[in-house]
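Peer 1: If you scroll down you'll find the structure; I have some questions about it.
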Amino acid sequence: TSLVDKLSAAMADRYLIGGEIEIPAQAPVPEGLKKKLDRNKKLLAEKEAAVAAKAKEKRAQRFALKMRTNAYEKEYKAAETKLIELRRQARREGSFFMEPDAKLMFVIRITGINKLAPKPKKILQLLRLRQLHNGVFVKVSRPMQQMLVNVNPYVTFGYPTLRSVRELIYKRGCGKVNKQRIPLKDNQIISDNLGRYGIHGMEDLIHEIYTVGPHFKQANNFLWPFKLNTPKGGFVAKRHGFVEPRGGDWGNREELINKLIKRMN
């Protein structure tokens, strides 16, 4: 499809085409006016066809997204039920159940830019954490864990739940469109930028991020770093680690990151 055809389909609703002109029965019609009326008639037919095709495509896309959303909910429910059953089975047998390794982490920057060494500064830039209280999703891997070790005193991170991922993307999700930060107010924005990866809506995006799917890299790169609020109730002590006996903020919180996300979202 040519660029002109794409623009025509996208702007079909906005085209303003002149209506019919009433001409007296016996009045002579100039040749230029005849051509204009014929052209308007042809353009109007093309517009109606483009609008109908676009509406049909949107209906089909919405229905497909609805079906996929239902399938995702069943998948989440089945995974949760399976975990509960395995925990109960281990308890009945008197053994231990090892929780599955997390695949997704959410990293929040908790310090500013003052007195920052070059190496941690560069790693924070690579993580796209350029501002205070910025947050990003990252895939759990050995290189990523090593990077986080080097910036431990400047960030806090943990394993977000499905609810946290969904609330973050729905409330504060913004996409990178032409290097601009665009709020995700319409599924069409996601479809235009990630449609080639099979991601056409919010639930597709949430599923790809939460399950760390095959196109996690592209989906995560499309999401602009989250700009979070200061946590309600404040921090405990940014200078100290979360696991220290006296309490603190930086470092790995594991599942407890969800409480912090709730306070900052």
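Per this note's numbering: the sequence shown = residues 116 to 380.
Note that the Cβ used here is the ideal one computed from N, Cα and C, for glycine as well.
1) Measuring straight from C-alpha to C-alpha, what distance separates Thr116 and Lys332?
2) CB-CB under 8 Å to Gly362, same chain, minus the five flanking residues each way: which ones, in chain order?
3) Going straight from the alpha carbon of Lys388 to that of Phe337, what length do you get?
4) Please report the residue range of the alpha helix (DSSP H) in which Glu200 lies.
5) Looking at C-alpha atoms only, which residue of Ala217, Met220, Gly310 is the closest neighbour of Ala179?
6) Report buried or exposed for Asn249, applying the criterion of at least 16 other Cβ atoms within 10 angstroms of its Cβ.
7) If distances are taken between C-alpha atoms only, which option among Val292, Lys291, Asp307, Tyr285 comes closest to Lys300?
8) Please specify which runs of the alpha helix (DSSP H), each continuous and at least 4 residues long, are wholly inside the segment 231-288, giving them in chain order.
9) Please report how far the alpha carbon of Ile376 lies from the alpha carbon of Gln204, in whole angstroms.
10) Roughly how far, in whole angstroms, is the beta-carbon of Gly273 from the beta-carbon of Leu198, given that I think they are within contact range, below 8 Å?
11) With 16 other CB atoms within 10 Å as the buried threshold, where does Pro275 fall?
12) Closest to Met182 by C-alpha separation, out of Val144, Tyr325, Glu318, would be which residue?
13) Please list the terminal residues of the continuous beta strand (DSSP E) segment that includes Ile297.
Peer 2: In short:
1) With a pLDDT of 48 at Thr116, under the threshold of 50, the modelled position of that residue is not reliable, and no figure is offered here.
2) Spatial neighbours of Gly362 in its own chain (CB-CB distance under 8 Å, excluding positions within 5 residues in sequence) are listed in chain order as Val351, Ala352, His355.
3) Residue numbering for the chain in the displayed model covers 116 to 380; residue 388 lies beyond these limits and cannot be assessed.
4) Counted as a single uninterrupted DSSP element, the alpha helix (DSSP H) harbouring Glu200 occupies residues 146-208.
5) Distance from the Cα of Ala179 is smallest, within the candidate group Ala217, Met220, Gly310, for Gly310.
6) It is buried - the Cβ of Asn249 has at least 16 other Cβ atoms within 10 Å.
7) Between Lys300 and the set Val292, Lys291, Asp307, Tyr285, the nearest pair of CA atoms involves Tyr285.
8) As far as the segment 231-288 is concerned, its whole alpha helix (DSSP H) runs of at least 4 residues are 233-241, 257-265, 277-287.
9) Approximately 32 Å between the Cα atoms of the pair.
10) Between Leu198 and Gly273 the Cβ distance is about 18 Å, and since that is not below 8 Å, they are no contact.
11) With 16 or more other Cβ atoms within 10 Å, it is buried.
12) The residue with the shortest Cα to Cα distance from Met182 is Glu318.
13) 295-298 is the extent of the beta strand (DSSP E) around Ile297.
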